[in-house]
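Comments concern the structure below.
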């Protein structure tokens, strides 16, 4: 069975969105090069003044809490390492694509404040459970609602109707998205990330953060992002359009390995750093 016409229509219109900055692809390729070095990566970043300024602001923010002031790109990359460099540049590139585009019903700053806070909460949860590569969870959290941006930008009037229905009927916003477009922002986000050649773990986290279509167990990244999203929505830190806090999926929460006693620390870290990190990403 083919997709509904309105589904294929919104997918075809993804090509109207800006592409990721070329500097991201150059940095990614340099990091994948076995003969590459952080020095060469730093030079690539420094060739882009906007990227340079943003990387330094973020490196000096509470996201990393590095010792002392970091005043060169190479020093920042040396401290955080190659893996986190890739994730930092990707996060910076994605935000730069959408930073100045109008959303209408939701402010871009509020959207990114929610997304960044979700990333911070996801990373705090991963650190609490001593999971490998906590920064992976940060990036998964930051990207989880990326599919809502094409809907706001390409279909502003339809999304205004979806938001109104969501607020009046207290149903899930993603349910109204499916009624209007034949797919949700979660599915659209996964497709956008695929077109950008973003690793599959982030695509899966975006696709599944509102739940599974079957009784299969939650992928860990999706379970962490689902839980982080609900925590951030309950804290009212920014918004991607959701007004009503959904109910936590018990299976997802169990998959994270966290207990209720772990929540205060996660909430504290998220609430105390989200605004500073959002400013580091946006105010350049």
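In full-length UniProt numbering, the protein residues as written are 1 to 284.
No residue lacks a Cβ here, since even glycine has one placed at the ideal position from N, Cα and C.
Given residue i as reference, the closest of the options once Cα atoms are compared
i           : options            : result
residue 210 : 195, 227, 197, 200 : 227
residue 255 : 220, 204, 156, 235 : 220
residue 268 : 49, 13, 128, 88    : 128
residue 249 : 261, 229, 113      : 229
residue 275 : 237, 260, 263      : 237
residue 100 : 260, 17, 264       : 17
residue 15  : 259, 260, 191, 234 : 191
Supposed contact pair residue j and residue i - C-beta distance, whole angstroms, cut 8 Å
i           : j           : result
residue 126 : residue 224 : 6 Å
residue 185 : residue 177 : 6 Å
residue 172 : residue 246 : 6 Å
residue 218 : residue 165 : 28 Å between Cβ atoms; not a contact.
residue 147 : residue 197 : Actually they are not in contact, since the Cβ atoms of residue 147 and residue 197 sit about 16 Å apart, beyond 8 Å.
Contact under 8 Å by Cβ, residue i with residue j
i           : j           : result
residue 77  : residue 116 : no
residue 290 : residue 206 : The requested residue 290 is not part of the displayed model; the chain covers only 1 to 284.
residue 281 : residue 136 : no
residue 42  : residue 270 : no
residue 155 : residue 266 : no
residue 287 : residue 96  : Past the edges of the chain, shown from 1 to 284, lies residue 287, and the structure says nothing about it.
residue 63  : residue 232 : no
residue 65  : residue 20  : no
residue 161 : residue 180 : yes
residue 58  : residue 88  : yes
residue 70  : residue 48  : no
Residue i CB to nearest heavy atom of the ligand NAD below 7 Å
i           : result
residue 278 : The ligand NAD is not part of the structure shown, which contains no ligands of any sort.
Contacts around residue i, its chain only, beta-carbon distance under 8 Å, and the 5 residues preceding and following it disregarded
i          : result
residue 38 : 74, 77, 78, 82, 85
residue 26 : 44
Cutoff 7 Å; reference residue i; Cβ partners in own chain excluding five residues on either side
i           : result
residue 202 : 139, 140, 143, 193
residue 52  : 45, 46, 73
residue 272 : none
residue 106 : 152, 239, 240, 241
residue 110 : 238, 239
residue 257 : 129
residue 159 : 105, 151, 152
residue 133 : 83
residue 234 : 245
residue 243 : 166, 167
Neighbourhood of residue i by C-beta distance below 6 Å, restricted to the same chain and skipping five residues each side
i           : result
residue 208 : 222
residue 262 : 128
residue 124 : 266, 269
residue 149 : 98
residue 68  : none
residue 131 : none
residue 36  : 30
Which ranges would you report for the alpha helix (DSSP H) in the region 91-160 if only whole runs of at least 4 residues count? 108-128, 134-143, 148-154
4-residue-minimum alpha helix (DSSP H) runs that sit fully inside the region 211-259, ordered along the chain: 220-235, 250-256
Let me know the alpha helix (DSSP H) ranges lying completely inside the region 18-83, each 4 residues or longer, listed in chain order. 22-32, 38-46, 49-59
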